[in-house]
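In my numbering, the protein residues as written are 20 to 244.
Cβ atoms here follow ideal geometry from the backbone N, Cα and C, with glycine treated the same way.
All values derive from a computational prediction rather than experimental measurement.
One structure is given here, and the rest of the page talks about it.
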C-alpha cells in the first residue's frame, strides 16, 4: 500500500472522527427529557436565559458543532475523491458528485445558524428548509450543465485542424546524395577506362591538324606530347 493511499485513509479516519464528534454533540441535547440544539435555539430566542442557559452561548455551541460537521464532511469528501482518482478512476465522478451534494446540503443547513446574529431570533423553519432545498438542487444542476456541455462537444462538429506543412525527412536526403555521388564516380571511372582505350582519332577536334600526330597514336602519348 503506497504512502498516498495511507494518507488518504488517515484523513478519512480523522474526518469520520470529526463527524462522530459533531453527532455526539448534537445528540447530547436530544436525550430523553432534553431538546436538540435547534429546538433550544428557538426556545431560548423566545425566552432568554431559560433554566440558566444563555442564548449567545447556545448559538456559539451550535455554530461550533456545525463547523466541525462541515470540516469533517469536506475532509472526508476530498480524501475519498483523491483515493478513487488513484485507485478507481471510473467511480471518481460519482463519488465527487455525492460528496458535493452532501457538503452543499450540510452548508445549506448550517448557514442560517452560522450567519444568524446572536441577538436575533432564529429564522423561520420554512426559510431554513428553502435554503437547504436550493443548496441541494444547485449542485446536481451544475454537474448536469457540465455533462451537457461535454455531450454537445462530442455531438457537434468540430473545426477541421489547419493543414500541417509536410517536410521531407532529413534522413531521406542522405541516401539520395549518396546515390548521386556513386553515379558520378561510375561516370568518371567509365570515362577513364574509355580514355585508356582511345586514340588520337577519338579526340580529334577542329584545328587538330596543326599537330602532326598519327591518327593511331594512343591518347596517353598525345598527352605527353
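Q. Can the beta-carbon of residue 31 be found less than 8 Å from the beta-carbon of residue 103?
A. no
Q: My understanding is that residue 92 touches residue 38, with C-beta atoms under 8 Å, so please give their C-beta distance in whole angstroms.
A: 7 Å
(Q) Could you tell me the alpha carbon to alpha carbon distance between residue 87 and residue 34, rounded to whole angstroms? (A) 9 Å
Q | Identity of the residue in 26, 206 and 94 nearest residue 105 by Cα | A | 26
Q. Of the choices 205, 36 and 23, whose alpha-carbon is the least far from that of residue 94?
A. 36
Q: Ignore the nearest five residues each way along the sequence and tell me which others in residue 90's own chain have a CB closer than 7 Å to its CB.
A: 37
Q.
Given this structure, state the Cα-to-Cα distance separating residue 169 from residue 101, to the nearest angstrom.
A. 22 Å
**Q.** Inter-residue spacing [alpha-carbon to alpha-carbon] between residue 84 and residue 41
**A.** 5 Å
Q: Quick one: using the 10 Å Cβ neighbour count with 16 as the cut-off for buried, is residue 22 buried or exposed?
A: exposed
Q) Nearest-angstrom Cα distance between residue 197 and residue 166? A) 58 Å
**Q.** residue 201 versus residue 207: straight-line alpha-carbon distance, rounded
**A.** 10 Å
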